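Undergrad:
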Amino acid sequence: MSKRDLKKYLKELDKEQLEEQLIELYEKFSDVKVYYDFVFNPKEEKLSQEAKLKITNEYFPIKNKRPKLRRSTAQKIIKHYLSLGVDAFVVADIMLHNIEIAQKYAAKREMRYSSFYKSMLNSFEQVVKYSIENGLISEYKKRFFDIKERAFEQRWENKNEFERVLEIFD
48 MSKRDLKKYL
58 KELDKEQLEE
68 QLIELYEKFS
78 DVKVYYDFVF
88 NPKEEKLSQE
98 AKLKITNEYF
108 PIKNKRPKLR
118 RSTAQKIIKH
128 YLSLGVDAFV
138 VADIMLHNIE
148 IAQKYAAKRE
158 MRYSSFYKSM
168 LNSFEQVVKY
178 SIENGLISEY
188 KKRFFDIKER
198 AFEQRWENKN
208 EFERVLEIFD
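If you count the sequence shown from 1, you need to add 47 to reach my numbering.
(1) Mind checking whether the beta-carbon of residue 57 lies closer than 6 Å to any heavy atom of the ligand COA?
(2) Roughly how many angstroms separate the alpha carbons of residue 171 and residue 65, rounded to a whole number?
(3) How should residue 191 be labelled, buried or exposed, when 16 other C-beta atoms within 10 angstroms of its C-beta is the threshold for buried?
(4) Since I believe residue 122 is in contact with residue 201 (beta carbons under 8 Å), could you give me their beta-carbon distance rounded to a whole number of angstroms?
(5) Looking at C-alpha atoms only, which residue of 130, 145, 115 is the closest neighbour of residue 167?
(6) Looking at residue 214: is its Cβ nearer than 7 Å to the Cβ of residue 195?
(7) Around the C-beta of residue 140, are 16 or more other C-beta atoms found within 10 angstroms, so that it is buried, or is it exposed?
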């Protein structure tokens with residue numbers, strides 16, 4: 048069904064029928080429930096803290112002895128928050144936290160996987176682009192340069208690419 052057909056269908060329904068359908072969607076689909084729970088009670092600070100804790104736990108686990116190092120955990124959280132419409136400031140902060148925690152871990156243990164470095168560079172490019180699009184550059188510029196400096200200090204194999212990403216500031 049196209050969006051146009053949906054609009055036409057919804058116009059044919061009266062208020063009670065619309066309410067019934069929304070309640071049915073709310074009860075039937077967890078994504079709809081999550082969306083409405085967020086819309087009516089955002090608690091973005093709580094969401095931010097939970098996300099940061101989950102991401103940190105991937106590198107510095109509280110319960111397990113071995114870190115899982117799943118970069119996909121952060122990507123799933125970020126994607127979910129973008130779909131909910133979480134404030135851009137919070138999303139960018141979480142994106143940066145993901146890279147900063149990975150660098151903190153890499154400072155203690157050398158990473159032997161080039162996929163790790165590639166993923167972190169992709170995340171870095173993503174957060175810089177996202178910050179530009181949402182007018183957050185002034186808020187996060189220092190953190191961008193700190194991440195680049197740490198990539199150089201830790202001798203990341205793609206450290207020059209981090210510098211290339213920040214050439215937009217020259």
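Note that beta-carbon positions come from the ideal geometry of N, C-alpha and C, so glycine has one too.
Note that the coordinates shown come from a computational prediction; the quantities given were computed from them, not determined experimentally.
TA: Short version:
(1) Questions concerning the ligand COA fall outside what the structure shown contains, since it holds no ligand whatsoever.
(2) Residue mapping note: residue 171 aligns to position 124 of the sequence shown, counting from 1. Residue mapping note: residue 65 aligns to position 18 of the sequence shown, counting from 1. So the two alpha carbons sit approximately 43 Å from each other.
(3) Taking the sequence shown and counting its residues from 1, one reaches residue 191 at position 144. Buried, since its Cβ has 16 or more Cβ neighbours within 10 Å.
(4) In the sequence shown, residue 201 corresponds to position 154, counting from 1. In the sequence shown, residue 122 corresponds to position 75, counting from 1. Residue 201 to residue 122, Cβ: 22 Å. No contact.
(5) As a position in the sequence shown, residue 167 is number 120, starting the count at 1. The shortest CA-to-CA distance from residue 167 to any of 130, 145, 115 is the one to 145.
(6) Position 167 of the sequence shown holds residue 214. Position 148 of the sequence shown holds residue 195. Judged by their CB atoms, residue 214 and residue 195 are not nearer to each other than the 7 Å cut-off.
(7) Against the sequence shown, residue 140 aligns to sequence position 93. Around the CB of residue 140, 16 or more other CB atoms lie within 10 Å, so the residue is classed as buried.
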